[in-house]
Amino acid sequence: MKIILLPGLDGTGMLFKGVLKVLPRTLNIQVFCLDELEGDSYAKKAQYLAEHLQSTELFIVAESYSGPIAYELCNILGSNVKQIVFLASFISAPSSLSRCAHLIPTFALQASELNMWLLNKIGFSGAGSDSQILDVFKSISCANKAKLKNRLQNISRLRKPQNLHATPVVYIKPTNDILVNNRAVDEVKSVFNNTKVITISGGHFIAQTNPIKCADIIKKAIVENKSTQYF
Numbered sequence: 224m225k226i227i228l229l230p231g232l233d234g235t236g237m238l239f240k241g242v243l244k245v246l247p248r249t250l251n252i253q254v255f256c257l258d259e260l261e262g263d264s265y266a267k268k269a270q271y272l273a274e275h276l277q278s279t280e281l282f283i284v285a286e287s288y289s290g291p292i293a294y295e296l297c298n299i300l301g302s303n304v305k306q307i308v309f310l311a312s313f314i315s316a317p318s319s320l321s322r323c324a325h326l327i328p329t330f331a332l333q334a335s336e337l338n339m340w341l342l343n344k345i346g347f348s349g350a351g352s353d354s355q356i357l358d359v360f361k362s363i364s365c366a367n368k369a370k371l372k373n374r375l376q377n378i379s380r381l382r383k384p385q386n387l388h389a390t391p392v393v394y395i396k397p398t399n400d401i402l403v404n405n406r407a408v409d410e411v412k413s414v415f416n417n418t419k420v421i422t423i424s425g426g427h428f429i430a431q432t433n434p435i436k437c438a439d440i441i442k443k444a445i446v447e448n449k450s451t452q453y454f
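Those letters in the sequence shown? Residues 224 to 454, per our numbering, in order.
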């Protein structure tokens, strides 16, 4: 079974570094950079992945933006997707303001004193360190700007998913997630009827502020999935 990690809006996978340090090196893990996946929509990127992973059993970790890619992979690969861990993620509009995501100006994605303060408040619930906040801006600066803008457009176009899935899901829910509201989490639970929600204290960037706890949840889910498959 291959464990694939799909990153958030930045798309680089760089922000998984804390989680990857804790996960066992013996696991078959692959982190995907969204810029390197063909297609300009969630469905097309999922199709590209599916074509390369169609004969592989998958355990998916989807952070924030990448939730709909995991959902689309279930639509395409069915039972080959053995389990999903959503990290502060979504499969429909994450909030009412997300409809305006495509209007975010590029200068708002650059590190400045004001932008760092805003990101700390919105993304880290005011508890982010300077290094954690700068890591986010650094990862964003490495992304292709046109593709980053396309990802913002994709968020603004999200609608309610139509297909239901029995794929086991663990949803890691930060207690103070301003970017993904409770309705969006309920939408995940309604589409994936075998969903377990685990709450962790913190803001939206929970994998960066609490990588040990997130990695422990992922490891436990992998072990439990293997046990279920065995029996």
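In this text, a Cβ means the ideal position worked out from N, Cα and C, and glycines have one as well.
Out of the options, which one is the CA nearest neighbour of residue i?
i	options	result
C256	R248, N367, L281	N367
Q181	C437, V392, S278, I356	Because the chain in this structure spans residues 224 to 454, residue 181 falls outside the shown range and cannot be described.
I226	L250, K244, L243, G241	L250
T279	E286, I299, K268	I299
A334	A311, G262, G241, I363	I363
D263	K244, I292, N404	I292
D409	E447, S318, K442, R380	S318
N433	T398, K412, L402	T398
I435	V304, N404, G241	G241
N386	C365, K372, K412	K412
Give the C-beta separation of residue i and residue j to the nearest angstrom, bearing in mind that I take them to be a contact with Cβ-Cβ under 8 Å.
i	j	result
K383	T422	Incorrect: roughly 24 Å between the Cβ atoms, too far for contact.
E437	A444	The amino acid at residue 437 is misidentified as Glu; the sequence shows Cys. Not a contact, Cβ separation roughly 11 Å.
L232	R374	6 Å
N343	I327	Contact flag wrong, Cβ pair sits at about 17 Å.
A285	L381	Rounded, the Cβ-Cβ distance is 14 Å, inconsistent with contact.
L310	A273	Contact flag wrong, Cβ pair sits at about 21 Å.
Would residue i and residue j qualify as a contact pair, given that the criterion is a beta-carbon distance under 9 Å?
i	j	result
V414	Y294	yes
K370	G234	yes
L246	F428	no
A350	L341	no
F456	G425	The requested residue 456 is not part of the displayed model; the chain covers only 224 to 454.
I283	V308	yes
Y288	N377	yes
I188	L402	Since the first residue shown for the chain is 224 and the last is 454, residue 188 is missing from the structure and cannot be characterised.
S379	S302	no
T390	V446	no
Taking DSSP as the reference, what is the three-state secondary structure of residue i?
i	result
Q385	coil
L228	strand
Q253	strand
F330	helix
F347	coil
F454	Here the model assigns F454 a pLDDT of 39, short of 50, so the residue's position is not dependable and the matter cannot be decided.
I356	helix
E286	strand
T432	helix
I307	strand
Any beta-carbon of chain C closer than 9 Å to the one on residue i?
i	result
C365	Given the protein chain composition of this structure (a single chain), no chain C is represented.
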